[in-house]
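Taking it in order: structure first as structure tokens, then the write-up.
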Amino acid sequence: MVDFTLTDEQKALREMAHDFAEKEIRPVAWQYDRDGTWPQEIIEKAWEVGLMNTHVPEEYGGPEASYLDGCIIEEELSWGCSGIQTSLGANGLASAPVGLAGSDETKRKYLGMLTEAPKLASFCLTEPGAGSDVSGMRTRAVRKGDVYVLNGQKCFITNGGHADWFTVYAKTDPEAGHRGISAFVVDKDDTVIVDKKEDKMGQRASNTATITFNDTEVPAENLLGQENEGFKIAMATLDRTRPGVAAMAVGIARAAFEFAVGYSKERVQFGVPIAMHQAIQFMIADMATEIEAARLLTWQSAVMLDQGRRNTLASSHAKRFAADTAMKVTTDAVQVYGGYGFIKDYPVEKLMRDAKIMQLYEGTSQIQRLVIARETLLPRRIEEPVPA
Ligand code: COS
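Printed below as a string of structure tokens:
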């Protein structure tokens, strides 16, 4: 049976997340955007009420929420501010590879760190020379006795400046392309250098850093899965996190849509509120349809995960469509506001800047199309490193 109705628990969860977004995030969102303020207080409050680390299993101290529940939360918090939600949600990306391929001991230690205190972790995949082309990475991990020694640089790392540990991808066999990458959990220590805090166009309340590993020694037991299995762990991770990013894009789009609807009823031109003009009505109608469609694709990609099914295609559909929708809806919201939309005193230009990153991080809209094209034209059986 296909049922798009949320359970009473899910409705309560949505209400709780919305309430948090409205009371704790919205009142400071535009100021934090302007100043690039790190939302430490909000992180602590969100952790306290259980809006972080939602996928961590109960045995490691988490609430073990479903992927759909995660998406419901992410849409609401991102409606509040997607930059702040990026800071709140990045633990999910960093901890997914641990959940997928870590030993019980590794999970207990590192997932436990996140659930015992409001600590942060970062996912280190991208490098200055390896963005979409993951297998082009140059960070090296060399086994020396009981440790791996890591050297290299990762960039655009969310929460990098505040993380206590990192999931890091490095070449263990540089000649083997994607089959020569391994994944590790790395503790923050003196050999892990946070080089740079990026000054970004949008999502300015999130921290984005460059991280350099300088002869960083990682205990061999911190290898995730098997040696040279890192590429597949990264891909399986992104399959699991892209629905959440899609949900965030829906949240941004919904925020812009609500502002545009409200403004169109107040702003008078040619003697009537502009909502009376068909030119505006059609823009509002398209926004409404696209947001609904984006949410349905998002939920589908999450529910497939909850059912234990591989969701590579569905997750790329959702991420691509929701991100492009957020960009279009926020751009049109600025259009509805006219010249005022371009002014920082009004709320929508922030949303348009925030939306842009949705088409870039966790795989650009072009990479999602590439995945969709491959899955459509050349469907293949993909062996995951571990069961879903
Ligand atoms: N789950 C598990 N395994 C997967 C997979 C998935 N979703 N997708 C691919 N694989 C496996 C393939 O089966 C293949 O396995 P074999 O070695 O057994 O043949 C291997 O991984 C390589 O796959 P593919 O040939 O598709 O790799 P490409 O180098 O062509 O890269 C893209 C694929 C471009 C899709 C990948 O590099 C990518 O997603 N890039 C974007 C990265 C990204 O999102 N960066 C954002 C930063 S993270 S915030």
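Quick note, my numbering runs 628 ahead of the 1-based positions in the sequence shown. A virtual CB, placed ideally from N, CA and C, is assigned to each residue, including glycine. Quantities reported herein were computed from a predicted structural model and do not represent experimental measurements.
Nearest-angstrom Cα distance between glycine 730 and cysteine 752?
-> Reading the sequence shown from its first residue, position 102 is the one you call residue 730. Reading the sequence shown from its first residue, position 124 is the one you call residue 752. Taking the straight line joining both Cα atoms gives about 16 Å.
Going straight from the alpha carbon of proline 1015 to that of proline 901, what length do you get?
-> Within the sequence shown, numbered from 1, the residue matching residue 1015 stands at position 387. Within the sequence shown, numbered from 1, the residue matching residue 901 stands at position 273. Low local confidence applies: a pLDDT of 44 at proline 1015 is under 50, so the model's placement there is unreliable, with the coordinate-based value given in what follows. Those two C-alpha atoms are separated by around 55 Å.
Is it buried or exposed for threonine 633, if we count other Cβ within 10 angstroms and need 16 for buried?
-> Here residue 633 refers to the residue found at position 5 of the sequence shown. With fewer than 16 Cβ atoms within 10 Å of its Cβ, threonine 633 is classed as exposed.
Quick one: what does DSSP say glutamine 906 is sitting in, helix, strand or coil?
-> Here the question's residue 906 lines up with position 278 in the sequence shown. The answer is helix: DSSP assigns glutamine 906 an H, G or I state.
Just mark asparagine 939 as buried or exposed, buried being the case when its beta carbon has 16 or more other beta carbons within 10 Å.
-> Position 311 of the sequence shown, counted from the start, is the residue given in the question as residue 939. With 16 or more other Cβ atoms within 10 Å, it is buried.
Cβ contact check for the stretch 867-878 and the stretch 803-813: 3 or more pairs under 8 Å | no
Which term fits proline 975, buried or exposed, when burial requires 16 or more other beta carbons within 10 angstroms of its beta carbon?
-> The sequence position of residue 975 within the sequence shown is 347, counting from 1. Buried, because 16 or more other Cβ atoms sit within 10 Å of the Cβ of proline 975.
Starting from cysteine 699, follow the beta strand (DSSP E) in both directions and report where the run begins and ends.
-> Counting from 1 along the sequence shown, the entry for residue 699 is found at position 71. Counting along the chain, cysteine 699 falls outside any beta strand (DSSP E), though it belongs to the alpha helix (DSSP H) covering 695-708.
Arginine 807 to phenylalanine 859 span [Cα, whole Å] | Your numbering for residue 807 matches position 179 in the sequence shown. Your numbering for residue 859 matches position 231 in the sequence shown. Cα to Cα, the separation comes out at about 7 Å.
What residue does the beta strand (DSSP E) around glutamate 650 start on, and which one ends it?
-> As a working note, residue 650 is residue 22 in the sequence shown. Counting along the chain, glutamate 650 falls outside any beta strand (DSSP E), and DSSP gives it neither H nor E.
Inter-residue spacing [alpha-carbon to alpha-carbon] between isoleucine 908 and valine 964 = Within the sequence shown, residue 908 is the residue found at index 280, counting from 1. Within the sequence shown, residue 964 is the residue found at index 336, counting from 1. Going by the C-alpha atoms only, they are around 7 Å apart.
Could you check if glycine 899 is buried or exposed, using at least 16 other CB atoms within 10 Å of its CB as the buried criterion?
-> Locating residue 899 in the sequence shown gives position 271, where the first residue counts as 1. By the 10 Å Cβ count, glycine 899 comes out exposed.
Check: leucine 998 C-beta below 7 Å from any heavy atom of the ligand NAP | The model on display carries the ligand COS but not the ligand NAP.
Backbone CA spacing between aspartate 761 and isoleucine 670 [nearest angstrom] = Within the sequence shown, the letter at position 133 stands for residue 761. Within the sequence shown, the letter at position 42 stands for residue 670. Cα to Cα, the separation comes out at about 34 Å.
Scan the stretch 828-904 and note each continuous beta strand (DSSP E) run of 3 residues or more that stays entirely inside, going in chain order.
-> 836-847
Quick one: what does DSSP say tyrosine 989 is sitting in, helix, strand or coil?
-> Within the sequence shown, the letter at position 361 stands for residue 989. Three-state result, tyrosine 989: coil.
Taking just the CA atoms, how far does isoleucine 912 sit from glycine 890?
-> For the purposes of this step, residue 890 is taken as residue 262 along the sequence shown, with counting starting at 1. For the purposes of this step, residue 912 is taken as residue 284 along the sequence shown, with counting starting at 1. About 11 Å.
Use the C-beta contact count for alanine 722: other C-beta atoms within 10 angstroms, 16 or more gives buried, fewer gives exposed.
-> Within the sequence shown, residue 722 is the residue found at index 94, counting from 1. Under this definition alanine 722 is a buried residue.
Nonlocal neighbours in the same chain, by C-beta distance under 6 Å from proline 685, ignoring five residues either side | The residue given as residue 685 occupies position 57 in the sequence shown. Once the five neighbours on either side are set aside, the close Cβ partners of proline 685 are Glu692.
CB of alanine 724 within 8 Å of CB of asparagine 787, strictly | Within the sequence shown, numbered from 1, the residue matching residue 724 stands at position 96. Within the sequence shown, numbered from 1, the residue matching residue 787 stands at position 159. No.
Should arginine 948 and glutamine 996 be called a contact, given that it needs their Cβ atoms to be closer than 8 Å?
-> Here the question's residue 948 lines up with position 320 in the sequence shown. Here the question's residue 996 lines up with position 368 in the sequence shown. In contact: arginine 948 and glutamine 996 (Cβ atoms closer than 8 Å).
Nearest-angstrom Cα separation, counted from valine 957 out to aspartate 823 | Sequence index remark: in the sequence shown, residue 823 carries index 195 (1-based). Sequence index remark: in the sequence shown, residue 957 carries index 329 (1-based). Taking the straight line from one Cα to the other gives about 35 Å.
Please confirm if the stretch 768-788 is in contact with the stretch 831-847, defined as three or more CB-CB distances below 8 Å between the two stretches.
-> yes
Backbone secondary structure at leucine 569 - three-state DSSP | This structure cannot speak to residue 569, because the chain is shown only from 629 to 1016.
CB contact flag (isoleucine 701, leucine 728, <8 Å) = Stepping through the sequence shown from its first residue, residue 701 is reached at position 73. Stepping through the sequence shown from its first residue, residue 728 is reached at position 100. Not closer than 8 Å, so no.
Counted within 10 angstroms of its Cβ, other Cβ atoms place isoleucine 919 as buried (16 or more) or exposed | Position 291 of the sequence shown, counted from the start, is the residue given in the question as residue 919. Buried, since its Cβ has 16 or more Cβ neighbours within 10 Å.
Would you decide whether arginine 882 is buried or exposed? Buried here means 16 or more other CB atoms lie within 10 Å of its CB.
-> Along the sequence shown, one-based indexing puts residue 882 at 254. That one is buried.
Please classify aspartate 952: is it buried, with 16 or more other beta-carbons within 10 angstroms of its beta-carbon, or exposed?
-> Locating residue 952 in the sequence shown gives position 324, counting from the first residue. Flag for aspartate 952 reads buried.
Can you check DSSP and say which residues form a bridge with isoleucine 1000?
-> Stepping through the sequence shown from its first residue, residue 1000 is reached at position 372. DSSP output for isoleucine 1000 lists no bridge partner at all.
Just reading off the beta strand (DSSP E) that aspartate 631 is part of, what are its end residues?
-> As a position in the sequence shown, residue 631 is number 3, starting the count at 1. Looking at the DSSP string, aspartate 631 is not in any beta strand (DSSP E), and its letter there is neither H nor E.
Interface flag, asparagine 779 vs chain D, CB-CB below 8 Å = Absent from the structure is chain D; it holds one protein chain and no more.
Got a sec, what are the start and stop residues for the beta strand (DSSP E) valine 796 sits in?
-> Position 168 of the sequence shown holds residue 796. Note, valine 796: beta strand (DSSP E), 793-799.
Between the C-alpha atoms of leucine 852 and histidine 683, what's the straight-line distance to the nearest angstrom?
-> In the sequence shown, counting from the first residue as 1, residue 852 sits at position 224. In the sequence shown, counting from the first residue as 1, residue 683 sits at position 55. Near 18 Å, if we compare the C-alpha coordinates of histidine 683 and leucine 852.
Leaving out five residues on either side along the sequence, give the residues of the same chain with a beta carbon under 7 Å from the beta carbon of aspartate 661.
-> Taking the first residue of the sequence shown as position 1, residue 661 is located at position 33. The residues are Gly711, Arg832, Ala833 and Lys978.
Considering only the beta carbon of each residue, do alanine 645 and leucine 705 sit closer than 8 Å?
-> In the sequence shown, residue 645 corresponds to position 17, counting from 1. In the sequence shown, residue 705 corresponds to position 77, counting from 1. Yes, these two residues count as a Cβ contact at 8 Å.
Comparing the CB of valine 762 with every heavy atom of the ligand COS, is any distance shorter than 7 Å?
-> Position 134 of the sequence shown, counted from the first residue, corresponds to residue 762. Yes, Cβ of valine 762 sits closer than 7 Å to a heavy atom of the ligand COS.
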